[in-house]
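The sequence shown begins at 1 in full-length UniProt numbering and counts up one residue at a time. Presented below is the structure to which this report refers.
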Amino acid sequence: MKNNASAVSDFNAELKLKGFKAYEVDSKAAGHNYSRKDFYKISLTSGKFVFHYADRSFETDEPILFFGNPRIPYSCEIVKPTPDGYACLFTEDFLKLSERSESLLQSPLFKIGGTPILKLDKKQKGTIAAIFQKMIVDQDSTYAYKDELIRNYINLIIHEALKMQPSENVAGEKNAAQRITSVFLELLERQFPIESTERPLQLKTAQDFAQNLAVHVNHLNSSVKEVTGKPTTAHIADRIISEAKALLQHTDWSVTEIAYALGFEYPTYFNNFFKKKTGQIPKAIRAMHL
Numbered sequence: 001m002k003n004n005a006s007a008v009s010d011f012n013a014e015l016k017l018k019g020f021k022a023y024e025v026d027s028k029a030a031g032h033n034y035s036r037k038d039f040y041k042i043s044l045t046s047g048k049f050v051f052h053y054a055d056r057s058f059e060t061d062e063p064i065l066f067f068g069n070p071r072i073p074y075s076c077e078i079v080k081p082t083p084d085g086y087a088c089l090f091t092e093d094f095l096k097l098s099e100r101s102e103s104l105l106q107s108p109l110f111k112i113g114g115t116p117i118l119k120l121d122k123k124q125k126g127t128i129a130a131i132f133q134k135m136i137v138d139q140d141s142t143y144a145y146k147d148e149l150i151r152n153y154i155n156l157i158i159h160e161a162l163k164m165q166p167s168e169n170v171a172g173e174k175n176a177a178q179r180i181t182s183v184f185l186e187l188l189e190r191q192f193p194i195e196s197t198e199r200p201l202q203l204k205t206a207q208d209f210a211q212n213l214a215v216h217v218n219h220l221n222s223s224v225k226e227v228t229g230k231p232t233t234a235h236i237a238d239r240i241i242s243e244a245k246a247l248l249q250h251t252d253w254s255v256t257e258i259a260y261a262l263g264f265e266y267p268t269y270f271n272n273f274f275k276k277k278t279g280q281i282p283k284a285i286r287a288m289h290l
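In structure tokens, the structure reads:
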């Protein structure tokens with residue numbers, strides 16, 4: 001029998017290879033670790049929870065269907081132990097093979113301004129559970145077109161959810177400025193580390209983050225400054241510089257590749273930005289660690 005670390009490693013490897021994984025949630029198990037910046041999540045659970053999603057919180061104590069977007073920070077506080085349920089993780093590339101699928105990912109279920117939690121009655125829970133059960137069986141089958149079949153199951157769950165009335169049981173905010181700042185900082189951090197030159201940094205400005213969080217950029221800036229004492233742009237710049245140093249020290253990427261990976265249109269812009277912030281050019285940092 002494999003130990004837990006080995007099982008988690010196998011789970012992650014399979015998920016990355018296939019772009020999809022469905023599984024039964026065991027309340028007695030430690031659960032699966034995965035990178036939310038890469039995977040969408042749909043889960044069916046029962047119990048009492050407080051979900052924190054972007055700058056809002058939701059309380060629930062009945063069966064719910066949850067939709068997690070990898071670009072939106074979320075967390076869950078378990079108030080009452082979680083009974084067994086089902087979940088699936090999938091990449092955007094796995095699902096988005098048609099315009100229809102692309103539009104579903106832009107639905108209110110996954111958008112930051114929407115509602116990611118749906119309360120289910122007994123009949124709805126049974127319907128969704130049956131779809132998850134089919135997913136789990138078919139993902140291990142030898143059926144030649146099982147990927148397309150699983151995409152259909154995911155789309156079916158999304159369509160069933162869109163027909164339901166979204167829950168709006170939003171818990172009171174403790175401090176709006178602290179909440180939005182926490183969300184911004186977590187979203188900033190989730191973009192790192194940069195692991196491939198083919199997946200460059202997406203959110204690079206305060207306006208980018210404000211649009212992603214569905215708030216006005218002035219509100220984001222004032223909240224971050226109030227809580228941390230530093231402007232939004234300073235946090236972004238500091239994190240980019242930190243990542244740039246790590247890439248210069250620990251990869252064999254060229255300075256041009258690092259510039260593009262960090263979202264700079266031209267290497268010259270990166271060189272000027274780096275020197276302004278550190279007083280040195282990128283090549284000097286690399287030379288120190290050769």
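Beta carbons are placed, not taken as given, at the ideal position from N, Cα and C, and that holds for glycine.
Endpoints, the beta strand (DSSP E) within which residue i is located
i	result
G85	85-90
I72	Here I72 belongs to no beta strand (DSSP E), and DSSP marks it neither H nor E.
K41	40-45
S57	56-60
K119	117-119
Helix, strand or coil at residue i according to DSSP, with G and I counted as helix
i	result
K230	coil
T127	helix
Y153	helix
A176	helix
K18	helix
K48	strand
K96	coil
L162	helix
L65	strand
A30	Here the model assigns A30 a pLDDT of 41, short of 50, so the residue's position is not dependable, and the following value carries that caveat. Coil, per DSSP.
Rounded C-alpha distance that separates residue i from residue j
i	j	result
residue 376	A87	Given that the chain is displayed from residue 1 to residue 290, the structure contains no residue 376 and the question cannot be resolved.
K123	K163	14 Å
E243	R199	14 Å
N218	Q133	46 Å
K204	D238	12 Å
K119	L262	40 Å
C76	H52	6 Å
I64	P193	33 Å
Q202	Q191	8 Å
Y34	P70	Bear in mind that a pLDDT of 41 at Y34, under 50, signals an unreliable position, so the model cannot answer this.
residue 293	D93	Shown here, the chain extends from 1 to 290; a query on residue 293 therefore has no answer.
A161	N152	14 Å
E257	S196	10 Å
I117	F264	37 Å
P282	T228	28 Å
I285	A144	51 Å
V224	I241	19 Å
A287	K230	31 Å
S141	H159	25 Å
F274	I236	13 Å
S107	V79	29 Å
L105	K245	35 Å
D147	S222	46 Å
F58	H216	22 Å
T115	N272	42 Å
6 Å CB neighbourhood of residue i in its chain, flanking five on each side removed
i	result
T60	F49
A276	The amino acid at residue 276 is misidentified as Ala; the sequence shows Lys. Correct list: empty, nothing qualifies.
E226	A177
A259	P267, F270
A22	C88, M135, I136, Q139
D121	none
K125	P63
Neighbourhood of residue i by C-beta distance below 7 Å, restricted to the same chain and skipping five residues each side
i	result
I157	I42, I128, I131
G85	V25, S43, L44, T45, S46
F90	G19, F20, F39, Y40, I154
I150	F20, M135, D138, Q139
Y74	F51, H52, Y53, G68
E186	P73
8 Å Cβ shell around residue i - same chain, five flanking residues per side excluded
i	result
L220	I180, F184, A206, F209, A210, L213, T232
E189	R239
W253	T197, L247, A261
Q280	F274
Residue i CB to nearest heavy atom of the ligand NAP below 7 Å
i	result
F209	In terms of ligand content, the structure shown is empty, and the ligand NAP therefore cannot be addressed.
Residue-chain proximity (residue i, chain C), Cβ-Cβ < 8 Å
i	result
D208	Among the protein chains of the structure shown there is no chain C, as only one such chain exists.
| Contained beta strand (DSSP E) runs [length at least 3] in the UniProt domain "HTH araC/xylS-type" (178-288), N- to C-terminal order | none
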